[in-house]
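Chains as they are written, first to last, in the working numbering: chain A, 44 to 176; chain B, 1321 to 1542.
Here a beta-carbon is modelled for each residue, glycine too, at the ideal position from N, C-alpha and C.
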């Protein structure tokens, strides 16, 4: 016991030191916001924009919400909560009828870290998912 | 390293890391979208000018994504955390007659003192008119007391007996002497306690300029 106690203390201290080195280097979380793409789509109803917006948000962030009803053209999406306090990645897709088509805008925000994707990367994924619909 | 010691180090690491989440301040991102303003008159340039002005009423330094794009964004820096904790965009799109502007805001909570909704509502109302509700002020760093404050010992103190000996006392209650020896200070009314080569009780003078007692006499530079 007398012989092993110093070894145990050294092991514990080494473990705590290793753990501290893993956590202390983390950068402070910062809010990142990005003005994403704006696209004009001709000869398509705004309902097509609404459907693609919902699909893109559900696919990339897993949650979508139509603000003011599903025909308002205002969509918000948010990632599942990664902390007990809430989500760290959100996005908005805005559809607006213009002429015979519509204009669609993407806007994203993320807290980095812990979110792996920056707001810019998130918007790029959403834009690609929207086009793929 | 023996296998047993390796297992112990790994165990201690896991134990520590399991405690870390409880120590981290939880935070979340809140977004406000859905405010859209359609103007039947006006040009895209007018929309841009109003977008910049309305953003800068609440967040400094609005920038346009690319010149002439009509897409504006501004960030609010939280000086306490040292990182942005609020952001907003106003995007203008020209219509055959007039333009449409959309307002989207995001904040990091609890670092930011106000929510995304109130921020966006104020920016939008600044843009097209409406009731403005004052937002909670951004936190500011605690100012360093200046002069000979009687509520703090912060400052540089010079020994009356040996002018080469100085004590620099900081906001956090720490002190460092001219040789680099550190200690602590506390002030309760006019009773000062210095933990410096032992614990000493001194009395702060009414003008906040002198501390005396326990064989020490210091005068503050102020």
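Residue i, buried or exposed, once every other Cβ within 10 Å from all chains shown has been counted against 16
i                       : result
residue 105 of chain A  : exposed
residue 1386 of chain B : exposed
residue 101 of chain A  : exposed
residue 1370 of chain B : buried
residue 1419 of chain B : buried
residue 85 of chain A   : exposed
residue 1511 of chain B : exposed
residue 1432 of chain B : buried
residue 1347 of chain B : buried
residue 69 of chain A   : For residue 69 of chain A, the predicted model reports a pLDDT of 45, less than 50, meaning its position is unreliable; a value from the coordinates is still stated below. Exposed: under 16 other Cβ atoms inside 10 Å.
residue 17 of chain A   : Any property of residue 17 of chain A remains undetermined from this structure, which presents chain A solely from 44 to 176.
residue 67 of chain A   : Reliability of the predicted coordinates at residue 67 of chain A is poor, the pLDDT of 38 falling under 50, and no value is obtained from them.
residue 1424 of chain B : buried
residue 1444 of chain B : buried
residue 124 of chain A  : exposed
Pairwise C-alpha distance: residue j and residue i
i                       : j                       : result
residue 1344 of chain B : residue 73 of chain A   : The pLDDT assigned to residue 1344 of chain B is 43, lower than 50, so where the model puts this residue is not dependable; a value taken from the coordinates is nonetheless given after this. Taking the straight line joining both Cα atoms gives about 14 Å.
residue 1575 of chain B : residue 175 of chain A  : Any answer about residue 1575 of chain B is impossible in this case: the structure gives chain B only from 1321 up to 1542.
residue 1497 of chain B : residue 1486 of chain B : 5 Å
residue 1312 of chain B : residue 1413 of chain B : Because chain B in this structure spans residues 1321 to 1542, residue 1312 of chain B falls outside the shown range and cannot be described.
residue 96 of chain A   : residue 1430 of chain B : 29 Å
residue 1481 of chain B : residue 1538 of chain B : 8 Å
residue 1368 of chain B : residue 1388 of chain B : 8 Å
residue 1402 of chain B : residue 139 of chain A  : 37 Å
residue 1373 of chain B : residue 1450 of chain B : 15 Å
residue 1352 of chain B : residue 170 of chain A  : 20 Å
residue 1358 of chain B : residue 127 of chain A  : 38 Å
residue 141 of chain A  : residue 1415 of chain B : 7 Å
residue 1489 of chain B : residue 1400 of chain B : 22 Å
residue 1409 of chain B : residue 1390 of chain B : 10 Å
residue 78 of chain A   : residue 1397 of chain B : 18 Å
residue 83 of chain A   : residue 1460 of chain B : 43 Å
residue 1526 of chain B : residue 1454 of chain B : 40 Å
residue 114 of chain A  : residue 1462 of chain B : 49 Å
residue 1500 of chain B : residue 1439 of chain B : 48 Å
residue 1517 of chain B : residue 1470 of chain B : 24 Å
residue 1513 of chain B : residue 163 of chain A  : 53 Å
residue 75 of chain A   : residue 1427 of chain B : 9 Å
residue 1534 of chain B : residue 1523 of chain B : 10 Å
residue 1407 of chain B : residue 1532 of chain B : 52 Å
residue 147 of chain A  : residue 103 of chain A  : 17 Å
residue 118 of chain A  : residue 94 of chain A   : 10 Å
residue 154 of chain A  : residue 1468 of chain B : 42 Å
Which listed residue (the options) has its alpha carbon closest to that of residue i
i                       : options                           : result
residue 1574 of chain B : B/1528, B/1440 and B/1498         : Given that chain B is displayed from residue 1321 to residue 1542, the structure contains no residue 1574 of chain B and the question cannot be resolved.
residue 1515 of chain B : B/1526, B/1503, B/1509 and B/1507 : B/1503
residue 173 of chain A  : A/141, A/92, A/112 and A/164      : A/92
residue 157 of chain A  : A/116, A/138 and A/129            : A/129
residue 1472 of chain B : B/1405, B/1492, B/1348 and B/1372 : B/1492
residue 160 of chain A  : A/122, A/145 and A/146            : A/122
residue 1479 of chain B : B/1530, B/1377, B/1470 and B/1398 : B/1530
residue 120 of chain A  : A/155, A/83, A/88 and A/149       : A/149
residue 1536 of chain B : B/1511, B/1526, B/1542 and B/1520 : B/1520
residue 1379 of chain B : B/1422, B/1362 and B/1405         : B/1405
residue 152 of chain A  : A/167, A/146 and A/144            : A/167
residue 136 of chain A  : B/1355, B/1362, B/1446 and B/1457 : B/1355
residue 1422 of chain B : B/1428, B/1434, B/1542 and B/1447 : B/1447
residue 1457 of chain B : B/1435, B/1444, B/1445 and B/1477 : B/1435
residue 144 of chain A  : A/155, A/87 and A/80              : A/87
residue 1542 of chain B : B/1476, B/1350 and B/1509         : B/1476
residue 1540 of chain B : B/1509, B/1392, B/1350 and B/1483 : B/1483
Integer Cβ distance of residue i from residue j, believed to fall under 8 Å
i                       : j                       : result
residue 1360 of chain B : residue 1417 of chain B : 6 Å
residue 134 of chain A  : residue 165 of chain A  : 6 Å
residue 116 of chain A  : residue 89 of chain A   : 6 Å
residue 1376 of chain B : residue 1394 of chain B : 7 Å
request  = Check each residue of the region 138-151 of chain A: if its Cβ is closer than 9 Å to any Cβ of chain B, include it; give the result in chain order.
outcome  = Against chain B - using a Cβ distance shorter than 9 Å - the residues of the region 138-151 of chain A are 139, 141, 142, 146, 148, 150 and 151.
Margin query: Give me the subset of the region 1354-1377 of chain B whose CB atoms are less than 8 Å from a CB atom of chain A, sorted by chain position.
Written below: So the list reads 1354 and 1356, given in the order they occur along the chain.
Item to check | Residues of the region 85-101 of chain A whose Cβ lies closer than 9 Å to any Cβ of chain B, in chain order | outcome: Residues of the region 85-101 of chain A whose Cβ lies closer than 9 Å to any Cβ of chain B: none.
Taking Cβ-Cβ distances below 8 Å as the criterion, which residues of the region 1450-1477 of chain B are in contact with chain A?
-> The residues in question: there are none.
What residues in the region 1501-1526 of chain B have a beta carbon less than 8 Å from any beta carbon of chain A?
For chain A, none of the residues of the region 1501-1526 of chain B brings a beta carbon within less than 8 Å of one of its beta carbons.
- Pull out every residue of the region 1402-1413 of chain B whose Cβ sits closer than 9 Å to any Cβ of chain A, in chain order. Cβ contacts with chain A: 1402, 1403, 1404, 1405, 1406, 1407, 1408, 1409, 1411 and 1413.
Handout entry: Contact set between the region 1486-1502 of chain B and chain A, restricted to residues whose Cβ is under 7 Å from the partner
Key = Those residues of the region 1486-1502 of chain B that come within reach of chain A (Cβ to Cβ, closer than 7 Å) do not exist; the list is empty.
**OP:** Quick one: which residues of the region 1430-1447 of chain B get their C-beta closer than 7 Å to a C-beta of chain A? List them in chain order.
**Re:** Cβ contacts with chain A come from no residue of the region 1430-1447 of chain B.
key: Interface positions of the region 100-122 of chain A facing chain B (Cβ-Cβ less than 7 Å), listed along the chain   = Those would be 110, 111, 117 and 119, in chain order.
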